[in-house]
Amino acid sequence: MNDANPKPGTVAYVGKNGGTPGQIFAQFVGSLATDTVLTPRERELVYIGIHTALNLENSLRAHIPRALQAGATKEELAAAMMIAVANGGVNGALIGLPILFEEH
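So, in structure tokens, the structure goes:
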């Protein structure tokens, strides 16, 4: 798609078409699932790391099954959580690891 007709949800589209801050943010977040060079598996691994670092239990509960469905292994998810420990502390891993190994 060219700059004359940017894809909805992209920065170029928002810049051309504007909208309220809420609409712009919603379009941007929606575009993250499709406008990326990351595979769904890679994207879910990133989400797991972020949610672990931020201690977001509900988000981990939502994204662990998605990551597994996208082809990530339990070992990869645990590794993503352990990488997050260096930045967010151990609490997120203490939340996420039981979810990973007890429910899935």
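Position 89 of the sequence shown, counted from 1, bears residue number 158 in the numbering used here, the numbering being contiguous throughout. Backbone N, C-alpha and C define an ideal beta-carbon position, used for all residues, glycine too.
By a beta-carbon distance limit of 8 Å, A102 does not contact I117. Their separation comes to about 16 Å.
9 Å or more divides the Cβ of I164 from the Cβ of L146.
Between the region 121 to 128 and the region 139 to 157, the count of Cβ pairs shorter than 8 Å is three or higher; the stretches touch.
When the Cα atoms are used, P75 and S100 turn out to be separated by approximately 12 Å.
The continuous alpha helix (DSSP H) containing L129 extends over residues 126 to 138.
The shortest CA-to-CA distance from E111 to any of I93, Q92, A139, S128 is the one to A139.
For A162, the three-state secondary structure derived from DSSP is helix.
Using a 10 angstroms sphere on the CB of L107, the tally of other CB atoms stays under 16, which defines it as exposed.
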